[in-house]
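Colleague: Quick note on UniProt numbering: the sequence shown kicks off at 1 and runs consecutively.
Ideal placement from N, C-alpha and C gives every residue a C-beta, glycine not left out.
I have a structure here, written as C-alpha cells, and I will follow up with some questions on it.
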Amino acid sequence: MSRPVPDKAEIALEYPDKFYVGTFAHSSRFEARLDGSGVALVLQHPGAADERKSVHLHINFGLLAGILRELAGSVAGLPKDDIAHREQLAEALAELQRALGTS
1 MSRPVPDKAE IALEYPDKFY VGTFAHSSRF EARLDGSGVA LVLQHPGAAD
51 ERKSVHLHIN FGLLAGILRE LAGSVAGLPK DDIAHREQLA EALAELQRAL
101 GTS
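Written as C-alpha cells, this is what we have:
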C-alpha cells in the first residue's frame, strides 16, 4: 500500500547520452519497505499516460548503513534553528530504532 508523499523528492538520472529528472510532491505517492537484503523504495506520480512516472530503487543494507553514517556526519550543515526538520528526522530515527529493537 502506498502513502502520500509528505514533502518532496527530486530525482535525477544521468547517462552519457541521456538525462532524466523528475519531481515527486504532495500529489505523488510512495512505498518503502525492508526486504531480505535491503530497502525497496517506490515513488509514483499518477496521471495521464504522458504525466505518469515512477522510480523504483533498491538499496542493500550495507549501503543504507553507509548513507545513514554520511547523513550523521553532515548534520552540522543543517541550520541549528531548523527545528522542524531536525525534529522530523529525530522522530523518524527513534521510530526506526524502536522497530529494530535497539536504543
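Pairing CB atoms from the stretch 73-83 with CB atoms from the stretch 56-63, are three or more of them under 8 Å?
Modeller: No contact exists between the stretch 73-83 and the stretch 56-63.
Colleague: Round the Cβ separation of A9 and L43 to the nearest angstrom and send it over; I've been treating them as touching at under 8 Å.
Modeller: A9 to L43, Cβ: 6 Å. Contact.
Colleague: May I ask which residues mark the beginning and end of the alpha helix (DSSP H) holding A9?
Modeller: No alpha helix (DSSP H) holds A9; the beta strand (DSSP E) holding it covers 9-14.
Colleague: Which of the three DSSP states, helix, strand or coil, is assigned to E95?
Modeller: Three-state DSSP puts E95 in a helix.
Colleague: Helix, strand or coil for A90 per DSSP?
Modeller: Correct three-state label for A90: helix.
Colleague: Select from R52, E14, H85, G73 the residue whose C-alpha is nearest the C-alpha of S28.
Modeller: Checked all of R52, E14, H85, G73; the closest Cα to S28 is R52.
Colleague: Just to confirm, is the Cβ distance from H58 to G38 under 9 Å?
Modeller: Yes. Within cutoff.
Colleague: Given a threshold of 16 other Cβ atoms within 10 Å of its Cβ, counted over all protein chains shown, does F24 qualify as buried or as exposed?
Modeller: By the neighbour-count rule (16 or more Cβ atoms within 10 Å), F24 is buried.
Colleague: Hey, quick one: how far does the alpha helix (DSSP H) through R69 stretch, first residue to last?
Modeller: Segment 61-73, the alpha helix (DSSP H) holding R69.
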